[in-house]
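S.K.: Residue numbers (UniProt numbering), protein chains in the order written: chain A, 1 to 350; chain B, 1 to 350.
Following this message is one structure expressed as structure tokens.
Number of protein chains: 2
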Amino acid sequence: MTELLKILQKIMPKEMSALSRRYTLLHTIRLFQPIGRRLLSQKMRISEKVIRTDTELLKSEGLIDIVFAGMTLTEEGARVLDSLQELMRPLEELDKVREGVQTLLESQELYVVPGDSQNNQEAFKELGKEAARVLLEHLQGKSTVAITGGSTIRKVVEAIPFQKAPSPFPKLMVVPARGSLGNNAKIQANNLVAKMAERLQCRYRLLNLPDNLSRKSLDSVSQEPEIKEVFSLIRNADIVLFGIGIAERMVERRNLEPSVMEEIREKRAVAEVLGHYFDGQGNIVSTSCSIGLRLHELEQGGGYPIAVAGGADKAEAILAVRKYLRRGALVIDEGAAKRILALAAGSKTL
Amino acid sequence: MTELLKILQKIMPKEMSALSRRYTLLHTIRLFQPIGRRLLSQKMRISEKVIRTDTELLKSEGLIDIVFAGMTLTEEGARVLDSLQELMRPLEELDKVREGVQTLLESQELYVVPGDSQNNQEAFKELGKEAARVLLEHLQGKSTVAITGGSTIRKVVEAIPFQKAPSPFPKLMVVPARGSLGNNAKIQANNLVAKMAERLQCRYRLLNLPDNLSRKSLDSVSQEPEIKEVFSLIRNADIVLFGIGIAERMVERRNLEPSVMEEIREKRAVAEVLGHYFDGQGNIVSTSCSIGLRLHELEQGGGYPIAVAGGADKAEAILAVRKYLRRGALVIDEGAAKRILALAAGSKTL
DNA sequence: CTAATAGGGACTTTTTAAGGCCCGGAAGCG
DNA sequence: CGCTTCCGGGCCTTAAAAAGTCCCTATTAG
Numbered sequence: 001m002t003e004l005l006k007i008l009q010k011i012m013p014k015e016m017s018a019l020s021r022r023y024t025l026l027h028t029i030r031l032f033q034p035i036g037r038r039l040l041s042q043k044m045r046i047s048e049k050v051i052r053t054d055t056e057l058l059k060s061e062g063l064i065d066i067v068f069a070g071m072t073l074t075e076e077g078a079r080v081l082d083s084l085q086e087l088m089r090p091l092e093e094l095d096k097v098r099e100g101v102q103t104l105l106e107s108q109e110l111y112v113v114p115g116d117s118q119n120n121q122e123a124f125k126e127l128g129k130e131a132a133r134v135l136l137e138h139l140q141g142k143s144t145v146a147i148t149g150g151s152t153i154r155k156v157v158e159a160i161p162f163q164k165a166p167s168p169f170p171k172l173m174v175v176p177a178r179g180s181l182g183n184n185a186k187i188q189a190n191n192l193v194a195k196m197a198e199r200l201q202c203r204y205r206l207l208n209l210p211d212n213l214s215r216k217s218l219d220s221v222s223q224e225p226e227i228k229e230v231f232s233l234i235r236n237a238d239i240v241l242f243g244i245g246i247a248e249r250m251v252e253r254r255n256l257e258p259s260v261m262e263e264i265r266e267k268r269a270v271a272e273v274l275g276h277y278f279d280g281q282g283n284i285v286s287t288s289c290s291i292g293l294r295l296h297e298l299e300q301g302g303g304y305p306i307a308v309a310g311g312a313d314k315a316e317a318i319l320a321v322r323k324y325l326r327r328g329a330l331v332i333d334e335g336a337a338k339r340i341l342a343l344a345a346g347s348k349t350l
Numbered sequence: 001m002t003e004l005l006k007i008l009q010k011i012m013p014k015e016m017s018a019l020s021r022r023y024t025l026l027h028t029i030r031l032f033q034p035i036g037r038r039l040l041s042q043k044m045r046i047s048e049k050v051i052r053t054d055t056e057l058l059k060s061e062g063l064i065d066i067v068f069a070g071m072t073l074t075e076e077g078a079r080v081l082d083s084l085q086e087l088m089r090p091l092e093e094l095d096k097v098r099e100g101v102q103t104l105l106e107s108q109e110l111y112v113v114p115g116d117s118q119n120n121q122e123a124f125k126e127l128g129k130e131a132a133r134v135l136l137e138h139l140q141g142k143s144t145v146a147i148t149g150g151s152t153i154r155k156v157v158e159a160i161p162f163q164k165a166p167s168p169f170p171k172l173m174v175v176p177a178r179g180s181l182g183n184n185a186k187i188q189a190n191n192l193v194a195k196m197a198e199r200l201q202c203r204y205r206l207l208n209l210p211d212n213l214s215r216k217s218l219d220s221v222s223q224e225p226e227i228k229e230v231f232s233l234i235r236n237a238d239i240v241l242f243g244i245g246i247a248e249r250m251v252e253r254r255n256l257e258p259s260v261m262e263e264i265r266e267k268r269a270v271a272e273v274l275g276h277y278f279d280g281q282g283n284i285v286s287t288s289c290s291i292g293l294r295l296h297e298l299e300q301g302g303g304y305p306i307a308v309a310g311g312a313d314k315a316e317a318i319l320a321v322r323k324y325l326r327r328g329a330l331v332i333d334e335g336a337a338k339r340i341l342a343l344a345a346g347s348k349t350l
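Okay, structure coming up:
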């Protein structure tokens with residue numbers, strides 16, 4: 001049943017909003033019948049005219065009665081509403097989950113896609129698509145996008161449709177948010193930058209630095225004119241697209257020394273964002289030696305953050321860095337959202 | 001599943017046509033891929049622009065690929081199409097049934113509604129609704145409607161929505177197509193005429209004649225000025241709405257003498273339309289003594305016929321009078337339609 | 001080469017949705 | 001009683017989407 005909804009959503013996205021609107025309309029009418037257009041329009045926060053158009057349709061289909069006192073459901077309308085309720089349940093539930101997470105995290109923009117990326121590749125793909133959509137929406141007029149690496153961001157990049165020449169974003173520039181991390185080339189920021197630029201038909205700059213430089217060579221390299229230029233782009237990025245990682249998993253992936261892992265464990269780091277490790281309270285407990293965008297710059301800076309994370313196992317990490325997610329957009333999936341709510345409920349009762 | 005379709009059809013009728021169009025589009029693309037817009041537009045008999053709008057939507061959803069050679073389904077598109085096929089099957093099947101009956105009966109207008117009125121009251125109601133819709137569609141500008149009695153026409157009348165004063169059909173006049181028949185007042189033509197006029201907010205005239213008059217008194221009554229006036233209205237009716245009856249059942253219902261029943265049986269009458277009884281070949285074998293519209297008048301006359309019949313058991317009767325159904329609209333249900341096809345196939349092999 | 005077919009862009013016309021406003025009627029209330 | 005506050009419905013204007021039309025370039029089969 002939920003399968004069907006997704007397909008309908010795919011094949012007639014616009015029309016589906018009419019469906020849910022009319023469903024809510026029927027629902028509200030049942031709740032308050034008899035009720036008139038004005039009140040309905042207030043309660044549903046929809047313009048009166050739209051209510052009117054819809055009610056006229058529903059009346060002509062014999063689902064509602066319209067008399068002087070207001071509108072009421074007919075028997076058939078009640079039956080239809082019941083059947084619709086079955087159909088819409090997953091959609092409504094997802095919306096409730098979204099609401100719950102929204103009040104908890106207070107994100108500026110929150111998107112929750114169905115499914116759980118942890119054990120469903122399809123869902124992971126959809127997460128990427130949604131994030132790509134959000135990104136493209138914010139791209140208008142912006143000129144610099146900084147992105148991190150990671151398998152999640154990779155999904156986002158792969159979900160960006162190829163744009164045609166001539167470029168619709170002629171002034172766009174994509175840069176990695178930080179120096180390269182990890183050894184899996186496919187999910188390195190540099191690689192993703194190139195891929196994204198290819199899809200967006202725009203320019204890009206890379207940060208070709210070896211991993212885990214010493215403090216000293218890091219400082220000296222930072223003085224290189226070319227590097228400095230990229231740094232300046234990064235610091236002035238208009239959009240920062242990043243994933244939220246699970247601390248331990250990131251350490252493993254980056255092939256760091258055992259000592260680092262010990263540190264992570266000892267300090268109970270759970271989340272990783274932009275090279276910083278966080279404990280459950282959101283305190284930075286460690287920062288990897290790569291270079292690039294710093295968190296506090298993101299916190300107050302003008303760059304618009306777009307955070308993406310999917311899968312129930314990411315819930316703890318998302319909660320840990322919640323205070324950094326209030327600005328900007330957050331794109332998660334149902335699995336993560338539900339676990340977030342469960343964890344929050346649990347910690348409240350403790 | 002078929003339930004769901006009906007509900008969607010109810011709550012978003014316009015949008016559903018887009019759904020079936022896009023479904024057919026995907027289907028056709030799969031069949032002929034790679035294929036271009038022009039060819040598609042030819043094959044589907046849809047303007048090229050519509051194809052273009054739809055394909056752009058489908059492409060943006062990633063269901064099809066568009067390359068120089070034409071359009072092809074993506075993997076996801078194929079999956080979506082398969083799932084849609086499940087959903088659309090009942091709809092497609094009904095359409096095929098309709099096509100089959102259409103080629104068989106060659107009706108000017110043929111409507112087939114889902115379900116079987118014989119054993120489903122809901123379906124019977126829907127049949128009435130569809131017929132009412134057809135009637136209202138043809139009402140524009142027309143001034144006289146003649147209707148018969150019968151439970152089917154009763155359903156049609158009851159499905160006509162109440163119109164508001166001032167009457168949208170000020171010049172409309174409803175008359176019974178024939179004198180009263182049968183003893184069940186609720187389904188007598190006179191009664192239905194009054195009900196219909198009430199709903200349409202229009203004038204009406206009745207034919208208050210006793211049943212089964214002798215030839216002689218019939219002739220004399222026919223000379224009455226008032227009766228003559230109604231006759232003239234009937235003869236010049238712009239629309240004739242009538243049901244198709246099963247001969248034996250009609251005889252029973254009309255409480256006719258046993259001799260009549262014997263005659264019906266002897267001459268193998270199967271159908272009854274407008275007071276005439278027909279055998280399986282469509283020959284008139286008997287005519288009841290009531291008065292009013294004659295069949296041959298309908299056959300060549302200017303009045304637009306709207307015939308309504310539902311239920312598998314009506315199939316034989318419908319087939320018997322098929323030659324009278326080519327002009328005008330025919331509204332039947334799935335049950336009748338399927339039986340019609342089965343009977344036709346059977347008689348062909350004999 | 002040419003002719004045919006592909007997608008795509010640009011423009012106009014048509015249709016439909018939305019917005020906004022006002023009207024008369026029924027019900028509740030001082 | 002008169003007042004306000006609901007109600008649906010009519011009507012006109014504006015805005016946006018869909019459809020229709022025409023023309024363009026690229027690719028490929030013959």
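All C-beta atoms, glycine included, are put in the ideal place defined by N, C-alpha and C.
(1) With 7 Å as the C-beta to C-beta threshold (strictly closer), list the residues of the segment 1-26 of chain B near chain A in chain order.
(2) Please work out which residues of its chain come closer than 7 Å, Cβ to Cβ, to Thr28/B, disregarding the five sequence neighbours upstream and downstream, and give them in chain order.
(3) Should the segment 268-282 of chain B be regarded as contacting the segment 232-252 of chain B, the criterion being three or more beta carbon pairs within less than 8 Å?
(4) What did DSSP end up calling Met16/B once you bin it into helix, strand or coil?
(5) Among Arg154/A, Arg22/A, Arg235/A and Glu224/A, which one has its Cα closest to the Cα of Phe124/A?
(6) Please report the distance separating the alpha-carbon of Lys314/A from that of Lys10/B.
(7) Once DSSP output is grouped into helix, strand and coil, what is the label at Gly335/A?
(8) For a minimum of 3 consecutive residues, which ranges assigned as the beta strand (DSSP E) are wholly contained in the UniProt domain "CggR N-terminal DNA binding" (19-88) of chain A?
(9) I want to verify the contact list: residues of chain B whose CB lies under 9 Å from the CB of Leu63/A, in sequence order.
(10) Output the residue ranges of the alpha helix (DSSP H) runs that lie fully inside the segment 214-244 of chain A and measure 4 residues or longer, sorted by chain position.
(11) Tell me whether the beta-carbon of Leu343/B lies closer than 9 Å to the beta-carbon of Glu316/B.
(12) Between Ser220/A and the rest of its own chain, which residues show a CB-CB distance below 8 Å, the 5 nearest in sequence each way excluded?
(13) Consider the Cβ of Leu87/A: report whether some Cβ of chain B lies at a distance smaller than 9 Å.
(14) Put residue 356/A into one of helix, strand or coil per three-state DSSP.
(15) Should the segment 324-338 of chain A be called in touch with the segment 111-130 of chain A, which here means at least 3 C-beta pairs below 8 Å?
(16) Checking 9 Å against the spacing of the C-beta atoms, do Leu127/B and Ile160/B come in under that value?
(17) Starting from Phe124/B, follow the beta strand (DSSP E) in both directions and report where the run begins and ends.
(18) Check each candidate in Gly310/B, Leu73/B and Val67/B and name the one with the smallest Cα separation from Phe162/A.
(19) Count Cβ pairs between the segment 301-308 of chain A and the segment 77-95 of chain A that sit closer than 8 Å; are there 3 or more?
(20) Closer than 8 Å by beta-carbon distance: list the chain B residues that pair up with Ser83/A, in chain order.
(21) Would you kindly check if the distance between the Cβ of Ala345/A and the Cβ of Phe278/A is under 9 Å?
(22) Any idea which residues DSSP pairs Arg249/B with across the strands?
(23) Excluding the five sequence neighbours on either side, which residues of its own chain have a C-beta within less than 7 Å of the C-beta of Thr152/A, listed in chain order?
(24) Anyone know if the C-beta pair for Ser20/B and Met88/B falls short of 9 Å?
(25) What is the rounded straight-line gap between the Cα of Ala312/A and the Cα of Lys6/A?
(26) Does any residue of chain A have a CB that is nearer than 9 Å to the CB of Val80/B?
(27) Determine the direct distance from the alpha carbon of Arg203/A to that of Ser47/B, and round the result to whole angstroms.
(28) Measuring only the C-alpha atoms, how far is Arg98/A from Leu58/A?
(29) Should Pro161/B be flagged as near chain A, meaning a C-beta pair shorter than 9 Å?
(30) Could you tell me the distance, in whole angstroms, from the CA atom of Arg199/B to the CA atom of Ala269/B?
(31) In the structure shown, what three-state DSSP assignment does Val156/A receive?
M.R.: Well, looking at it:
(1) Taking 7 Å as the Cβ-Cβ cut-off against chain A, the residues of the segment 1-26 of chain B that qualify are Glu3, Leu4, Ile7, Lys10, Ile11, Met12, Glu15, Ala18, Leu19 and Arg22.
(2) So the list reads Leu40, Lys43 and Met44, once near-sequence residues are dropped.
(3) Flag = yes, the segment 268-282 of chain B and the segment 232-252 of chain B touch.
(4) Of the three classes helix, strand and coil, the one that applies to Met16/B here is helix, per DSSP.
(5) For Phe124/A, the nearest C-alpha among the options comes from Arg154/A.
(6) The straight-line gap from Cα to Cα measures roughly 42 Å.
(7) Gly335/A: helix per DSSP, three-state reduction.
(8) Correct list: 64-67 and 70-73.
(9) The contacting residues are Lys10 and Ile11.
(10) Along the segment 214-244 of chain A, the alpha helix (DSSP H) occurs as fully enclosed runs of 4 or more residues at 215-222 and 225-235, listed in sequence order.
(11) A Cβ-Cβ contact shorter than 9 Å links Leu343/B with Glu316/B.
(12) Here the set comprises nothing.
(13) Output row for Leu87/A: interface = yes.
(14) Coverage of chain A is limited to positions 1 through 350, which leaves residue 356/A absent and any answer about it impossible.
(15) Yes: at least three Cβ pairs fall under 8 Å.
(16) Not in contact: Leu127/B and Ile160/B (Cβ atoms no closer than 9 Å).
(17) Unbroken run through Phe124/B is the alpha helix (DSSP H), Gln121 to Leu139; no beta strand (DSSP E).
(18) Considering only Gly310/B, Leu73/B and Val67/B, the residue with the shortest C-alpha distance to Phe162/A is Val67/B.
(19) The segment 301-308 of chain A makes no contact with the segment 77-95 of chain A: fewer than 3 CB pairs, one atom from each, lie closer than 8 Å.
(20) Chain-ordered, the chain B residues with CB closer than 8 Å to the CB of Ser83/A read Glu3, Leu4 and Ile7.
(21) Phe278/A places its beta carbon 9 Å or farther from that of Ala345/A.
(22) In the DSSP assignment, Arg249/B forms no beta bridge with any residue.
(23) If we look at Thr152/A and ignore the five residues flanking it on each side, its Cβ neighbours are Gly243, Val308, Ala309 and Gly310.
(24) Yes, the pair counts as a contact, with Cβ atoms nearer than the cut-off.
(25) Distance between the alpha carbons of Ala312/A and Lys6/A is about 21 Å.
(26) Cβ-Cβ to chain A under 9 Å: yes for Val80/B.
(27) Here the alpha carbons of Arg203/A and Ser47/B stand approximately 40 Å from one another.
(28) Rounded to whole angstroms, Arg98/A to Leu58/A spans 29 Å at the Cα level.
(29) Closer than 9 Å: yes.
(30) In this model, Arg199/B and Ala269/B are separated by some 35 Å (Cα to Cα).
(31) Residue state for Val156/A is assigned as helix, using DSSP reduced to three classes.
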